[in-house]
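**Q** Quick note, the sequences are listed as chains R, D, V and Z, same order.
If you read the first sequence in this note's numbering, its first letter stands for residue 1, the second for the next number, and so on.
If you read the second sequence in this note's numbering, its first letter stands for residue 1, the second for the next number, and so on.
If you read the third sequence in this note's numbering, its first letter stands for residue 1, the second for the next number, and so on.
If you read the fourth sequence in this note's numbering, its first letter stands for residue 1, the second for the next number, and so on.
Using N, Cα and C, we set each Cβ at its ideal position, and we do this for glycine too.
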Amino acid sequence: MTWYEALPLLILASSLIPGIIIFNLPEERRGLRTTLNLAGAAIKLVFIGFMLWGVARGEQYEFRYSILPGLELVLHADALAMLFVTLSAALWFLTTVYAVGYLEGSPHRSRFFGFFSLCVTATVGVAMAGNLFTFFFFYELLTLSTYPLVVHRGTQSSMRAGQVYLAYTLTGGAVLLTGVVWLYGLLGRVEFAPGGVASVLVPAYTDQLRMVFLLLIAGVGVKAAVVPLHGWLPQAMVAPAPVSALLHAVAVVKAGAFGVVRVVYEVFGVELAQSLGLLMPLAVMACITIIWGSFRALWQDDLKRRLAFSTISQVSYIVLGVALYGPIGTVGALAHLVHQGLMKITLFFCAGNFAETLGVHKVSEMNGAGRRMPLTMAAFSVGAVGMMGMPLTAGYVSKHYLSEGAAAANVPWAAWVLLLSSALNAAYFLPILYRAWFRSADGTWPHEHVKRRGWKETSVLLLFPPLISGVAVVVVAVFADHSWSPLAWAKLIADRQYLSSVP
Amino acid sequence: MIDPLAWLILLPLTWAAIAFLLGPTRGGRIAQAGIALQLVLALWIATEVAGGSSRQHAAGGWRAPLGIELLADGLSAIMLLLAQAVALPLALYARAYFTDHPAGIRHFWPLAGFLLAAMNALFLSADVFNLYVTLELVGLAAVGLVASDSTAKSVAAALRYLFATLVGSGAYLLGVALLYGTYGTVSLSELAPLVEDAAPYATLLAAGLMVAGLMLKTALFPFHFWLPPAHGGAPSPVSALLSALVIKASFYLVVRLWLGLLMPVAPPAAAQLVGMLGTAAIVWGSVMALRQPRLKMLIAYSTVAQIGYLFLFFPLATHTAPDAAQSALQGAAMQAVSHGLAKAAMFGAAGVVILSTGHDQVARLGGITSRLPLTVFTLALSGVTLMGLPPSGGFIAKWLLIDGAISSGQWWWVIAMIAGGLLTAAYVFKILRHAFLEKEQSATFRRLPRMLEWPAFALALASLAIGLRASDLLRVLGAP
Amino acid sequence: MLFALTGIVLFAGGIAGMILQSHLLRKIMAFNIFGSGAFLVLVGLGQRDGQIDPVPQAMVLTGIVVSVAATALALALARRLLNLTGEMRFPREGPDD
Amino acid sequence: MKTLMRLLVLAGCAAFVAVAGMAMLVLPEPPIRLAARVSAELGNSGVKHPVTAVLLNFRGYDTLLEIAVLLLALLGIATAAGGDAVTGRRLHGNPQAFLQSLARLLAPLMVMTAGYLLWAGSHRPGGAFQAGAVLAAGIVLLYLSGLLPAPAGPSWLLRLGLVAGFLVFVAVTAVPLFSGGQLLQYPPDMAGALILLIESGLTLSLGLILAALFLWLPDEHEEAEE
């Protein structure tokens, strides 16, 4: 096995193996467990660094394992995969640090971090999947490994949330499976390739292709929380904050959105999807979701619930970008895949900090939080204004490209939708900022666990992750033109998608 | 030169007889040794068959039609492998179980020995009358095992089971009689060329009788009434043996007859009917499983449901395109194997729960995640296989079956399978949901020997692993 | 041939009895009846052209021994059930718990 | 409702009889005639009676499994009986002297008959099963007439007696395998002797098994006392 085959496996193993070891660790082996976690996360980053370097030099990293004739597990590192892998690995590192601090002294940590590692392994698998079968394989693995995290608290309410989560995701998986098998029946094998592979079936199987597209998009749409398949997401926020952060920013929701990208661009091919008239309905769905999510967010008093609805709307930006025919929209979508992750994880980290430090769970309790926890609140504010699309933040960059893309694909109303949604974002984020910064704390906090020590407003492990991700939100925007920025990658990928299909 | 075919039958017969000599509660060690040897033999046959050569053996040196012939082809090789591979961990498990909980061990080892011998004989036989004798052997051994803790409940269950299997084999025997009357032979190899689509009514009748009888023995809906009390009431090692292997024996025989003998006379409508019964079994079994308060009854009903998947093979393989039939057969084989491993693991885990907490109320499982983590993992992993999620063998089975359904243009079976998978998830996660609850709901948590938890876990792990090694397994199966 | 036809009748009757009779002893008898029915068909068809065919006779001998064994087991179980429940029929199955 | 069910079942059975009857009346001639082949090979079977030849040579493998079935039934009874099989059933009430003397007279005759049947099996109707049955009847008779003490549980010796025949059979089945032969493949010249060996083993064990099938039946009176 050469280095080029081994590297993708190593990237999986760097979280899988620690996970398996951690499962067997007794609860009290805190030190060893933490070391394993961080070491695994760090090693993964190093490997990915190697791979980025190689892919940029145009090297091919691919691992193949045949389960049945014609049915292969393929891990393949193309530009799109690298975008998602890098995002998830980087944010996993932050989240691990955060989770170590967050779960300080709570029970079942070995189980938690075990499934945590499995979850990331599955996400990375989804990212590097080289064909539809492999994608489905890790996609279901993701469902299974996240369930124990969602119900981790073991209370009745978390069990109910877990049930809803399963009901949605498993059904989605079943629908997806049908589509996948169907397509394999038609094509024999479905390798991801820029420009898509399904065009050979036109015109003989046009109707079947439409059915398959519907099945596949419905399948991934559940995890992407596209209305009306979004019901599970607000429920799932009963999970511990690091889990919500991972679910919303990296793992589940993103896997869904990423699935949409893969299906539209690399299975069907954007040209085919356009010619079959599949993009427009998708765009409409996305717009409905964007508006609906923002509206619902307005009325939520529970902070994490408000963030959850905001996720529903933000993730559909990606779907919208994919559905806008033309490279600019694509760039916007892919850039937002990364940017939304950075912003949303910052927000969830902060929400977790308020809950863990002050026992603040509701927006209405946040008066004066900014004075008590300035650093956290600053990070939160950056994420929030980013969501609104303020210039010099990640959100601005992606929204800019999205509305450009809308114009280019001459669906102007999509641009209006984006504008409206920005307004709504402002409407549900600004009150929070106002309360936190300009109101004074009314009396004592609901439940203050951690006293402030000097500049340390809360425990260090909880403080740094949001700060780092918050800074990142700005950096990716300021250095957007740098050749290593997510935006640059997005452009690179978009070019490939359209070059390969445009003669 | 040792002939694995003959020894796969003689070995268990011998150790069963010796175990009987040793006395009602003894014989565990010799049984384990014997099964280990059998596993080696089964692997030997499997590798040979995978190499493309099938083994024959003419008992008494008399070839058919005068004598009885034994034949090991891909299908029988896989079933033999499954039987021994499940039996070995179960033997380890059973010894630990019965040392911890001596009630119900009376004559377990000799009965298990005869059961294994009978199943191996059944998988190898190529003579419809000899198959009848092996069927009866399997049936009586299973009944004896069910009755082993001789409480009113289990005796009643055993008696119900006995009557069911007797009717089943009676119908089968009548079928044999008609076949012999029509063709003058009972050897499969001789019969196969004689049975063609312009067969006399008697052949059709015989086919109907044999298949119906075997369905009764396989507990296909609506003939499933006897299964849940029998499998749910017996001691856990017995339940595991019955659910994982015994029903597969009669299912194997239906497939063998269908493919090797009755296909030409089988009307497509019949195949569709069988498929519908399978679907009904999936739905009914899952719904009933969901409603069971007791863990073991839940698992027993899940067996009723999983049997349904096996029978979806018939509509997909009867008078359809060869590649559809191929993937249908492969899917059925995968389903049989992975369900065998997973179900044995589940019943094993249930037994652990019972020994540790003294009950198997699903609603009172709370807290076992912290007390019996390995067992919870066992339940979860085997659950993954039953749900047909990756990377399990059940997933590959489902994939192949759906592929067969789509490529033979019978999309309605796809709906059945998808819905079945979701129903399965419903009852599997019912278990896990209660298991994950924090607060402990059992008075006692006894510590148990490791030999009790690990074999079940190994079985569950195997049911996942074959998902990744599917190609090797299906190479043994070869082309139908 | 006459044997075979009788056998069919016996078989059908036995099955009917198996389904309809609730008393265990009668069920066991019913089993013996349809068993013998099957044997009769086996032998009857074997010698329908007059000359004796030893093969089905040997098979029937085997079959008889099997059914004797089964009958004995059934009797033992039924007897046991009688001892435990005091009834010679299946107990009403209550909720399993 | 119940009567409806009844009618349905009966109608179904009647229909079955009609169909099956028709099917058998139009049965063609079987393409294969085994009887001829049996008589052709009878010479090499080691016995003169065709049925015995089929039972213990041509299809001897069936017979091996069939003994296993008997043992299984025995095991099943022993397990089902729970604890009480160990003690066996005790005799209730005292038998009359007449019955005892009759039994004393009959027992040796029965043993002789069994022996004869065993030997006769090789060339005319008879053989191990018939012999075993007579033997079993003798044992049951002796026991009922109180001449035989209640079997004090399956002792080691008794168990040996029960499986001896089966073990001999298995041994004879296995031996040819070591010389590269097939299951149960007798060398033609020794066939007769081996068959006789098997049959005598079986006669003993079958006698005991059949008797045990009767004697080990769980006893209601005992339960009543508890």
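Kindly list the residues whose CB is nearer than 8 Å to the CB of arginine 294/D, restricted to its own chain and excluding five residues on each side of it in sequence; keep chain order.
**A** Cβ within range, chain order: Gly232, Asp360, Gln361, Val362.
**Q** Please list, in chain order, the chain V residues whose beta carbon lies closer than 7 Å to that of alanine 114/Z.
**A** Those within 7 Å of alanine 114/Z in chain V number zero; the least Cβ separation is about 17 Å.
**Q** Find out if the Cβ-Cβ distance for the pair leucine 124/D, leucine 70/D is shorter than 8 Å.
**A** Yes, the pair counts as a contact, with Cβ atoms nearer than the cut-off.
**Q** Kindly list, in the order they appear in chain V, the residues whose Cβ is closer than 7 Å to that of isoleucine 77/Z.
**A** Within 7 Å Cβ-Cβ: Ala72, Leu73, Ala76.
**Q** Could you list which residues in chain V have their beta carbon closer than 7 Å to that of phenylalanine 169/Z, in chain order?
**A** Going along chain V, no residue has its Cβ under 7 Å from phenylalanine 169/Z, so there is no contact; the nearest lies around 14 Å.
**Q** Do tryptophan 213/D and glycine 175/D have their C-beta atoms within less than 8 Å of each other?
**A** The displayed chain sequence assigns glycine, not tryptophan, to residue 213/D. Contact: yes.
**Q** Proline 503/R: buried (16+ other C-beta within 10 angstroms of its C-beta) or exposed?
**A** Legend: pLDDT at proline 503/R = 40, less than 50; position of this residue unreliable, no value from coordinates given.
**Q** Pick out whichever of Phe135/R, Leu337/R, His449/R has its Cα sitting closest to the Cα of glycine 179/R.
**A** Glycine 179/R has its Cα closest to that of Phe135/R, out of Phe135/R, Leu337/R, His449/R.
**Q** Suppose you measure from the CA of alanine 498/D to the CA of alanine 72/V; what does that come to, to the nearest Å?
**A** Given a span of 1 to 480 for chain D in the structure shown, any question on residue 498/D remains unanswerable.
**Q** Check whether the Cβ of alanine 38/V lies closer than 8 Å to any Cβ atom in chain C.
**A** No chain C is part of this structure, whose protein chains are labelled R, D, V and Z.
**Q** Return the CA-CA distance between phenylalanine 58/Z and serine 45/Z, expressed in angstroms with no decimal places.
**A** For phenylalanine 58/Z and serine 45/Z, the distance between alpha carbons rounds to 8 Å.
**Q** If distances are taken between C-alpha atoms only, which option among Ser403/R, Phe23/R, Leu303/R, Asp207/R comes closest to arginine 109/R?
**A** It is Phe23/R.
**Q** Taking 8 Å as the threshold (C-beta atoms), are leucine 178/D and threonine 185/D in contact?
**A** Not closer than 8 Å, so no.
**Q** With distances taken Cα to Cα, identify the nearest neighbour of tyrosine 205/R among Val227/R, Leu272/R, Glu266/R.
**A** Of Val227/R, Leu272/R, Glu266/R, the residue nearest in Cα terms is Leu272/R.
**Q** Beta-carbon within less than 6 Å of valine 145/R's beta-carbon, same chain only, minus the 5 sequence neighbours each way: which residues are those?
**A** Here residue 145/R turns out to be serine, not valine, going by the sequence shown. Phe115, Leu118, Cys119, Ala122.
**Q** Going by beta-carbon coordinates alone, are glutamine 100/Z and glycine 61/D separated by less than 8 Å?
**A** Contact flag unset, no.
**Q** Which residues of chain D have a Cβ atom closer than 8 Å to the Cβ of tryptophan 182/R, listed in chain order?
**A** Here the neighbours are Ile406.
**Q** Quick one, which residues of the region 50-83 of chain D are near chain Z if we go by CB-CB under 9 Å, in chain order?
**A** Within the region 50-83 of chain D, the qualifying residues are His57, Ala58, Ala59, Gly60, Gly61, Trp62, Pro65, Leu66, Gly67, Ile68, Leu70.
**Q** For histidine 76/R, write down the residues that DSSP places opposite it in a beta bridge.
**A** Paired residue(s): Glu62/R.
**Q** Go through the region 55-101 of chain D residue by residue and report every complete run of the alpha helix (DSSP H) that reaches 4 residues or more, in order.
**A** List check, alpha helix (DSSP H) in window: 74-100.
**Q** So which of Leu187/R, Val226/R, Ala236/R, Leu229/R has the shortest CA-CA distance to valine 212/R?
**A** Closest option to valine 212/R, Cα to Cα, is Leu187/R.
**Q** If you run the structure through DSSP and keep just helix, strand and coil, what is aspartate 127/D?
**A** Residue state, collapsed to three classes: strand.
**Q** Quick one: give me the first and last residue of the alpha helix (DSSP H) that methionine 59/V is part of.
**A** Run containing methionine 59/V: 54-85, per the alpha helix (DSSP H) assignment.
**Q** What separation, rounded to the nearest whole angstrom, lies between the Cα atoms of alanine 333/D and leucine 82/D?
**A** Answer to the nearest angstrom: the Cα atoms are 10 Å apart.
**Q** So the alpha helix (DSSP H) lysine 27/V belongs to, where does it begin and stop?
**A** Its alpha helix (DSSP H) spans residues 24-46.
**Q** Answer yes or no: do serine 381/R and leucine 433/R have a C-beta to C-beta separation smaller than 8 Å?
**A** In this structure, leucine 433/R lies closer than 8 Å to serine 381/R by Cβ.
**Q** Would DSSP call lysine 491/R helix, strand or coil?
**A** The answer is helix: DSSP assigns lysine 491/R an H, G or I state.
**Q** For a contact defined as C-beta to C-beta under 9 Å, what are the partners of alanine 69/V on chain D?
**A** The answer, in chain order, is Glu136, Leu140.
**Q** Under a CB-based cut-off of 8 Å, is alanine 174/R close to chain D?
**A** Cβ-Cβ to chain D under 8 Å: yes for alanine 174/R.
**Q** Since alanine 159/R meets chain D, which of its residues come closer than 9 Å, beta carbon to beta carbon?
**A** Reading off the sequence shown, one finds methionine at residue 159/R, where the question assumed alanine. Within 9 Å Cβ-Cβ: Arg433, His434, Phe436, Leu437.
**Q** Using 8 Å as the threshold, is the C-beta distance between serine 145/Z and alanine 103/Z below it?
**A** Contact: yes.
**Q** Measuring only the C-alpha atoms, how far is methionine 237/R from lysine 304/R?
**A** Their Cα atoms are separated by approximately 7 Å.
**Q** So, does the CB of proline 54/V fall closer than 8 Å to a CB anywhere in chain D?
**A** No, proline 54/V lies away from the interface with chain D (no Cβ there is under 8 Å from its Cβ).
**Q** Taking the C-alpha atoms as reference points, what is the distance between leucine 492/R and alanine 79/R?
**A** When rounded, the distance between both Cα atoms is 8 Å.
**Q** So the candidates are Thr6/V, Val41/V, Gly50/V, Gly7/V; which of them puts its Cα closest to the Cα of proline 56/V?
**A** When only C-alpha atoms are compared, the closest one is Val41/V.
**Q** Taking a contact to mean a Cβ-Cβ separation below 8 Å, would you say leucine 92/D touches valine 195/D in this structure?
**A** Cβ atoms of leucine 92/D and valine 195/D: not closer than 8 Å.
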